[in-house]
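Comments concern the structure below.
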Amino acid sequence: MSRLAQVALTLIPIVAISLFAAQLPGRPESLFDQGNSSYQEGDFAAAEKYYRQVLQSGFENGSLYFNLGNACFKQKKLGEAIYYWEKARRKMPRDPEVREEAGSPAGSH
């Protein structure tokens with residue numbers, strides 16, 4: 124068996140397991156997707172719950188904070204919405220949508 128075939132046979136199961144694990148319930152990626160689905164369905168409380176679970180897992184990024192802020196805003200939790208939009212702005216300072224939601228003037232850093 125060639126060296127290339129040996130490497131391929133070693134990597135294929137690793138890649139397959141990684142892709143499967145990323146979709147398991149309770150994984151940050153899966154929870155984030157569930158939050159996005161809930162938000163799109165108009166279930167903002169469920170979206171907030173899923174986004175908070177992602178945070179509790181130790182994962183954080185600007186998109187997560189932005190989406191969590193939006194879910195809070197849709198539930199009229201304005202203080203929390205602003206708090207998470209500001210966290211998103213700090214993670215993604217050049218994103219115009221985040222700057223707009225966080226109340227920062229366009230073009231500022």
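For what it's worth, my numbering labels the leading residue of the sequence shown as 124, then goes sequentially.
Glycine included, each C-beta is placed from N, C-alpha and C at the ideal position.
Burial is judged here by how many other beta carbons sit within 10 angstroms of a residue's own beta carbon; L201 has fewer than 16 and is exposed.
With fewer than 16 other CB atoms across the displayed protein chains lying within 10 angstroms of its CB, G181 is exposed.
It is roughly 13 Å from the alpha-carbon of S153 to the alpha-carbon of L187. With distances taken between CA atoms, A169 lies nearest to N190 out of N184, G185 and N190. The Cβ-Cβ distance between C195 and E183 does not fall below 7 Å. Check the Cα spacing between Y174 and each of P151, Q163 and E164: the tightest is with P151.
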